[in-house]
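*Asks:* The numbering of the sequence shown is this note's numbering, which starts it at 13 and goes up by one.
Beta carbons: idealized from backbone N, C-alpha and C, even for Gly.
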Amino acid sequence: MQRLLWTILLISSCYQVSLSQVDFECTIDSNQLLIGDQRILHLRARGPSGLVPDTVSFSAWQDLGIEPLVKQSWQSEGVDGYHQMIKIAAFDTGYIKLPPLILPYSVNGQTDTTYSNDIVLEVQGIVVDSTGLAPIKPILREPFKLRDALVYIVALLVGLAIIAFVFLRKKKPEPEPEIVEIPVPADELALDDLQKLRSRKLWQSGQIKEYQSELTHIIRAYIQARYSIPALESTTSEILNFAVVKSLSSELQTDLDQILNIADLIKFAKAQPEIGIHEEFMQKAEYFVRSTRESKSEPDV
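1) Please name the residue, chosen from I52, P60, D75, that lies closest to Q284 on a Cα-to-Cα basis.
2) With distances taken from CA atoms, which of D49, P116, S246, S262 is nearest L133?
3) Can you tell which of G218, T304, S128 has its C-alpha closest to the C-alpha of F36?
4) State the start and end residues of the unbroken alpha helix (DSSP H) segment that holds Q270.
5) Would S69 and I114 qualify as a contact pair, given that the criterion is a beta-carbon distance under 8 Å?
6) In whole angstroms, give me the CA-to-CA distance for Q219 and E245.
7) State yes or no: is the C-beta of D104 within less than 8 Å of the C-beta of L63?
8) Using 10 angstroms around the beta-carbon of Y299, count the other beta-carbons present and answer buried if the total reaches 16, otherwise exposed.
9) Following the continuous alpha helix (DSSP H) through G201, name the residue where it begins and the one where it ends.
10) What separation, rounded to the nearest whole angstrom, lies between the Cα atoms of K296 and I231?
11) Roughly how many angstroms separate the alpha carbons of E236 and A243, rounded to a whole number?
12) Quick check on the burial criterion: 16 or more other C-beta atoms within 10 angstroms. Buried or exposed for I278?
13) Could you tell me which residues DSSP puts in a beta bridge with F36?
14) Could you compute how far the alpha carbon of V119 sits from the alpha carbon of P60?
15) Going by DSSP in three states, S303 sits in which element: helix, strand or coil?
16) Could you have a look at Q96 and say whether DSSP puts it in helix, strand or coil?
17) Pull up the CB-CB distance for I98 and I78, whole angstroms please, since I reckon it's below 8 Å.
18) Below 8 Å between beta carbons: does that hold for P116 and D66?
19) Please state whether DSSP places R181 in a helix, a strand or coil.
20) Suppose contacts are defined by Cβ-Cβ distances below 8 Å. Is L206 in contact with M294 by that definition?
21) Going by the beta-carbon positions, is the gap between K124 and K109 smaller than 8 Å?
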């Protein structure tokens, strides 16, 4: 009987040792960032043979203004090691101490949990440069002169004479030529809509969700018209993965990523960014449209 008890204690001790040997490390590519910026979080788990890491929970970070945006599945790294990269964004400013993450795992069918190290981030706000905005000057109007109206009077008289000539001859009316409506270019329509949105001053009156929603709708409609892709019916992730979007410069891809992703978080009440970010995104949206507008083709010779 005593030998049986010693055997059970030995097996239990080996099991506890095998589970306690799991090492869970959390690092980030940079501890300093601007509000709304994105960083890559690296998670590494290493342990005994048979280790299977489970999904990491980020619930403890969400109350601190940190949101995971794109998650990657666990990838094997070396012998009995695993690596995972996760894209995160910060929506609060200041020094933020992130508590350890919890990793559930199993070793040869036996489950347990372990904890990572904590991380400190320095999140800075965005300063909008308002010194470059000049006041709008009034329109200068010239005084009315009769000679300026002579051209219109003569044109009116000529027009009346032509009408009288046609009426007196009782000529059968010729069929009117079909008027072909020339569509407004997508970039002109988008820039006009952005200007109208700016003049409504939605975010200045506290309508932040409506402002961000209309801003992203204008950009989605422009992308759909410009590149003939279903951007209005697609998710943010699907839009960013279209081939035409991936062919853009890294700067334009980053601007589009920030505008769409942060607007999604605001619409679902997951983020409350600083006031300056709204005008910044308006300027980025205008820059995106002007940088991707369709170039005019050369006339036929």
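*Replies:* A quick look at the data gives this:
1) Against the sequence shown, residue 284 aligns to sequence position 272. Closest by alpha carbon: D75.
2) Within the sequence shown, numbered from 1, the residue matching residue 133 stands at position 121. Cα-wise, what sits closest to L133 is D49.
3) One-based indexing of the sequence shown puts residue 36 at position 24. Selected option, being the one with the closest Cα: S128.
4) Start at 1 with the first residue of the sequence shown, and residue 270 comes out as number 258. Its alpha helix (DSSP H) spans residues 262-279.
5) In the sequence shown, residue 69 corresponds to position 57, counting from 1. In the sequence shown, residue 114 corresponds to position 102, counting from 1. Yes, the pair counts as a contact, with Cβ atoms nearer than the cut-off.
6) Taking the sequence shown and counting its residues from 1, the one referred to as residue 219 is at position 207. Taking the sequence shown and counting its residues from 1, the one referred to as residue 245 is at position 233. Each residue's alpha carbon lies about 24 Å from the other.
7) Locating residue 104 in the sequence shown gives position 92, where the first residue counts as 1. Locating residue 63 in the sequence shown gives position 51, where the first residue counts as 1. No, Cβ-Cβ distance for D104 and L63 is not below 8 Å.
8) By 1-based counting over the sequence shown, the position of residue 299 is 287. With fewer than 16 Cβ atoms within 10 Å of its Cβ, Y299 is classed as exposed.
9) Locating residue 201 in the sequence shown gives position 189, where the first residue counts as 1. Per the sequence shown, residue 201 should be read as Leu rather than Gly. Where L201 is concerned, the enclosing alpha helix (DSSP H) stretches over 198-212.
10) Numbered from its first residue, the sequence shown carries residue 296 at position 284. Numbered from its first residue, the sequence shown carries residue 231 at position 219. Roughly 11 Å between the two C-alpha positions.
11) Numbered from 1 along the sequence shown, position 224 holds the residue referred to as residue 236. Numbered from 1 along the sequence shown, position 231 holds the residue referred to as residue 243. Inspection of the sequence shows that residue 236 is occupied by Gln rather than by Glu. So the two alpha carbons sit approximately 5 Å from each other.
12) What you label residue 278 is simply residue 266 of the sequence shown in a count that begins at 1. I278 comes out buried.
13) Along the sequence shown, read from residue 1 onward, the residue named residue 36 stands at position 24. Paired residues: A57.
14) By one-based count along the sequence shown, residue 119 stands at place 107. By one-based count along the sequence shown, residue 60 stands at place 48. Their Cα atoms are separated by approximately 8 Å.
15) Indexing the sequence shown from 1 puts residue 303 at position 291. S303: helix per DSSP, three-state reduction.
16) Translated into positions along the sequence shown, residue 96 becomes position 84. Q96: strand per DSSP, three-state reduction.
17) Here the question's residue 98 lines up with position 86 in the sequence shown. Here the question's residue 78 lines up with position 66 in the sequence shown. Going by Cβ atoms, the distance from I98 to I78 rounds to 11 Å, so no, they are not a contact pair.
18) Within the sequence shown, residue 116 is the residue found at index 104, counting from 1. Within the sequence shown, residue 66 is the residue found at index 54, counting from 1. In contact: P116 and D66 (Cβ atoms closer than 8 Å).
19) Translated into the one-based positions of the sequence shown, residue 181 becomes position 169. Three-state result, R181: helix.
20) To locate residue 206, count along the sequence shown from 1; it is residue 194. To locate residue 294, count along the sequence shown from 1; it is residue 282. The answer is yes: Cβ separation under 8 Å.
21) By one-based count along the sequence shown, residue 124 stands at place 112. By one-based count along the sequence shown, residue 109 stands at place 97. Here residue 124 is Asp; the residue named in the question, Lys, does not match the sequence. Cβ distance not < 8 Å, so D124 and K109 don't count as in contact.
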